[in-house]
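> In the numbering used here, the protein residues as written are 143 to 557.
Pasting a structure below so you can have a look.
Next up, the structure:
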């Protein structure tokens, strides 16, 4: 049998209430003996204050040490049962077998992370097996699951075995069999259940007649989280290389963001924004170039958010200043818009290369290389001209200096 130990990580958060001071009625100096401590009687205060003074406010060092030394067990053993083909918890200190509730009761609270160390040195997160409120409370206090998976990936072992796959299925089954949350707040961001009141602006439940899994105490229907879908506008779907089908009605209408009118210098009121679901879209069908003309949008650009959006019978050339070459050759080309960048208070398109018809590809590329060679030649000639010009200035300056020395005898004046 294979044995592995578990350790539960816990964030200790010890907080102490601030020191409280109470007003004390001054005692006349004549009634106080010198060198003695001042005694304040509780009977002098009203009943409410007397009750506060009689209760201990701050814990002493002895009390804190006794609490920290409580009998909490954060280490236990799991044994793999060959016949049942599952991991069974074992409490060797009390001689208990298959005792998850007893182990949880003896462990520190709150239980957020339960990690399993195998004999081969691999580590696995099995918090779902021991955390009863894993989906409601624990998951909200844990770090991002993606980050946790990346941290534990180097310790996941060389390869996944059938035993590992079976254990993952068991952990998923345990989570799926958990009962419905008891309070409304526990449904928010729940990985399996959802309420309509917690849907975001761009979220909706599909299909509209989705089956309910139950009801809350207030008779509010509970839906499966897989029925919650994210909606987008037409422009956003286009960035994902999808278009809204013909004659599709918006699944949801919300108020859009207010826009700034540069002409008037005022903010325009928000307009209704039509939202569509994934089931209302289809794959983007790029247009076809005809007669050497590149199809473009209303702004004269080619929307190339993904490679599959490239128009048919065209090529995407990522060569700088290619439009000047095409203009000289009288070949049609259009800039490729690959995204948008938000700066300066507004969104700006990001350009990357140019799109030309595929029959002009070789001609345009050869002309671009010739232009680059000519540009390098011009730059080299400009550099050489500048070098020779500097030498010419230097030589002229030396000749003028020598001529003045002979004419005015500068060397004798310096002596």
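Note that CB positions come from ideal geometry on N, CA and C, so glycine has one too.
These figures come from a predicted structure and were not determined experimentally.
Is the number of C-beta pairs between the region 314-327 and the region 270-278 that are closer than 8 Å three or more?
Yes, they touch.
> Given this structure, state the Cα-to-Cα distance separating residue 435 from residue 520, to the nearest angstrom.
Taking the straight line joining both Cα atoms gives about 33 Å.
> Cβ atoms of residue 429 and residue 437: under 8 Å apart, would you say?
Against a cut-off of 8 Å, the Cβ pair of residue 429 and residue 437 comes out as a contact.
> Which residue spans inside the region 390-462 form an unbroken alpha helix (DSSP H) run of at least 4?
DSSP runs (the alpha helix (DSSP H)) wholly in the region 390-462: none.
> Judging by CA-CA distance, which residue of 402, 397, 413, 423 is the nearest neighbour of residue 577?
There is simply no residue 577 to check, as the chain begins at 143 and stops at 557 in what is shown.
> Between residue 502 and residue 392, what straight-line distance do the alpha-carbon atoms span, to the nearest angstrom?
Residue 502 and residue 392: Cα-Cα distance of roughly 42 Å.
> Which residues mark the beginning and the end of the alpha helix (DSSP H) in which residue 345 is found?
From DSSP, residue 345 is part of no alpha helix (DSSP H) but of the beta strand (DSSP E) over 345-347.
> Excluding sequence positions up to five away, which residues of its chain have a Cβ less than 7 Å from the Cβ of residue 475?
Closer than 7 Å at Cβ, skipping near neighbours: 436, 464, 465, 468, 496, 497, 498.
> Counting along the chain, where does the alpha helix (DSSP H) carrying residue 546 start and finish?
Counting along the chain, the alpha helix (DSSP H) containing residue 546 begins and ends at 503-550.
> If I'm right that residue 386 touches residue 418 with Cβ under 8 Å, what's the distance once you round it to whole angstroms?
Rounded, the Cβ-Cβ distance is 5 Å, consistent with contact.
> What number of angstroms, rounded off, separates the C-alpha of residue 306 from the C-alpha of residue 488?
C-alpha separation (whole angstroms): 50 Å.
> Does the count of Cβ pairs from the region 338-357 and the region 287-307 closer than 8 Å reach three?
Contact fails: fewer than three Cβ-Cβ distances are below 8 Å.
> On the DSSP letters alone, give me the boundaries of the alpha helix (DSSP H) that residue 493 sits inside.
Looking at the DSSP string, residue 493 is not in any alpha helix (DSSP H); the run it does join, the beta strand (DSSP E), is 488-499.
> If you count every other CB in all the chains shown that lies within 10 Å of the CB of residue 368, and 16 or more means buried, which is it?
With fewer than 16 Cβ atoms within 10 Å of its Cβ, residue 368 is classed as exposed.
> Can you check the region 243-322 for any beta strand (DSSP E) of at least 3 residues that lies completely inside it and give the ranges in chain order?
Taking only runs of at least 3 residues, the beta strand (DSSP E) segments lying wholly in the region 243-322 are 255-259, 265-267.
> With 16 other CB atoms within 10 Å as the buried threshold, where does residue 542 fall?
When all chains shown are included, residue 542 counts as exposed.
> Span of the alpha helix (DSSP H) holding residue 377?
Where residue 377 is concerned, the enclosing alpha helix (DSSP H) stretches over 376-381.
> Would the region 398-418 count as touching the region 450-459 if we require 3 or more Cβ pairs under 8 Å?
In short, these stretches do not touch, since the Cβ pair count stays below three.
> If you check the beta carbons only, do residue 246 and residue 253 fall under 8 Å apart?
Yes.
> By how many angstroms is the C-alpha of residue 457 removed from the C-alpha of residue 431?
About 10 Å.
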